[in-house]
Amino acid sequence: MVADVVTIFPGMIEGALADGVIARARERGVLDVRAWDLRAFTSDRHRTVDDVPFGGGPGMVMKPEPVFLAVEAIQAERGPAGAVVLVTPQGTRLTHAVAERLSRLERIIVICGRYEGVDERVAETLVTDEVSIGDYVLTGGELPALVLLDAVMRLVPGVVGDTASVEGESFVQGLLDCPHYTRPAVFRGQAVPDVLLSGNHAAIARWRRSEQVRRTARRRPDLLNDAVLSDDERRDTLRERETEKESG
Ligand code: 9D3
C-alpha cells in the first residue's frame, strides 16, 4: 500500500511511523508512506496556507489552492488514489469497517486539517471520505491521520506477522477481548484464574469466550447489537446488564 499524507507538520507523521510494526513493514517494502509538506505547495514569500474566513468569525481557514496542488502533485507522481481522506471533526466515525475498506486500496491520500477547518471546496471536489476519530477536540488532524493509518495499514497483508492475531481480534468479532495473564501464577496475592492453568483447552476457550461476552455486556453494551452471539450468550448478556444496573 502507498499512503501519502498532506500536512503542515510532516515531522509529526514521519516521527510516529519511524518505529514499531509499521516501520518494519516500510523497511520490507510492504508499505510506502510519505508525508508531504503543504507549505511546499505555496508560492508566496511567507508560505501562507491559511486565510481569514469569509463571513467573519474567529480563527483561520486552510486555503484551497495549496491542498489542491499537493493532491494533484501526489496523484501525478503516484497515480490516482482509491480514496482521498480528510480527517475532520465533522467526519463519520472511524470504525474497523472503515479501516478494512481503506486497507483494500492500493493508494490512499490523507489530508490533515489545522486551524478552524479546511475550505469546503476541498471537501466537495477533492475528498472522497471525511473521517473523525471520536468525539473529543484535538489541536489538528495529524494525530487522527496517524490513528487512521495505523488502523488501516496493520490490516494490509504482510504488515502484522501473525495473521491469526489480526483475524481473531476483538473488533473483528464485534466483542471486547478477554483478560490476559502471564507468569507468575500468583502475583502479590492475586492468582490467575485456575482454568488457565488446567491445560484443558476446550475449557479455556469456553472461559475466554464467556469473559468476552460478559465484559462486552458490562462495558460496551452498544457493541452487542452487531455481535454474533448464540441464544445462550444473548440470554447471559441480559443477565449481565441487570447485574451492571444493580452493582455498577
Ligand atoms: C470550534 C469548532 N471546532 C470544531 C469542533 C473547531 C476545530 C476543532 C479541532 C477544528 C479543528 C480541530 C482539529 N481537529 C481535527 O482536525 C480532527 C479531529 C478532532 O479534533 N477530533 C476527532 N477527530 C478528528 S479528525 C480531525
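Residue numbering for the sequence shown follows this note's numbering, starting at 422 and increasing by one per position.
Note that the Cβ used here is the ideal one computed from N, Cα and C, for glycine as well.
If you're wondering where the values come from, they're calculated on a predicted model, not measured in any experiment.
- Of the other Cβ atoms in all chains shown, fewer than 16 fall within 10 Å of the Cβ of P642; this residue is therefore exposed.
- Cβ neighbours of R468 within its own chain (closer than 7 Å, five residues either side excluded): R460.
- Listed as beta-bridge partners of A612 by DSSP are V607.
- Straight across, the Cα-Cα distance linking T603 with G610 is about 15 Å.
- For the options V616, E661, E448, E545, the alpha carbon positioned closest to that of R640 is the one of E661.
- Contact check between the stretch 615-627 and the stretch 483-490: fewer than three CB pairs, one atom from each, fall below 8 Å, which does not count as touching.
- In the displayed model, V451 falls within coil according to three-state DSSP, outside both helix and strand.
- DSSP places M483 in the strand class (E or B) of the three-state scheme.
- With 16 or more neighbouring CB atoms inside 10 Å of its own CB, F462 falls in the buried class.
- Here the alpha carbons of E527 and A504 stand approximately 9 Å from one another.
- When C-beta atoms of the stretch 564-574 are compared with those of the stretch 498-513, three or more pairs fall below 8 Å, so the two segments count as touching.
- C533 is positioned such that its CB atom lies closer than 7 Å to that of G562.
- Between M433 and L452, the gap from beta carbon to beta carbon reaches 7 Å or more.
- Between the alpha carbons of V587 and V580 lies a distance of about 10 Å.
- When C-beta atoms of the stretch 630-640 are compared with those of the stretch 652-660, three or more pairs fall below 8 Å, so the two segments count as touching.
- By the CB criterion at 7 Å, A491 and W457 fall inside the cutoff.
- Contact between I529 and A424 holds: their C-beta atoms lie close to 5 Å from each other, under 8 Å.
- With fewer than 16 other beta carbons inside 10 angstroms of its own, P605 counts as exposed.
- Beta-bridge partners assigned by DSSP to L507: I532, E551.
- Proximity of the beta carbon of L459 to the ligand 9D3 is not indicated: no heavy atom of the ligand is located closer than 6 Å.
- Counting C-beta atoms within 10 angstroms of its own C-beta, G450 has fewer than 16 neighbours from the protein chains shown and is therefore classed as exposed.
- Placement of the Cβ of V508 at a distance of less than 6 Å from at least one heavy atom of the ligand 9D3 is found.
- In terms of side-chain proximity, the C-beta atom of L559 is found nearer than 6 Å to a non-hydrogen atom of the ligand 9D3.
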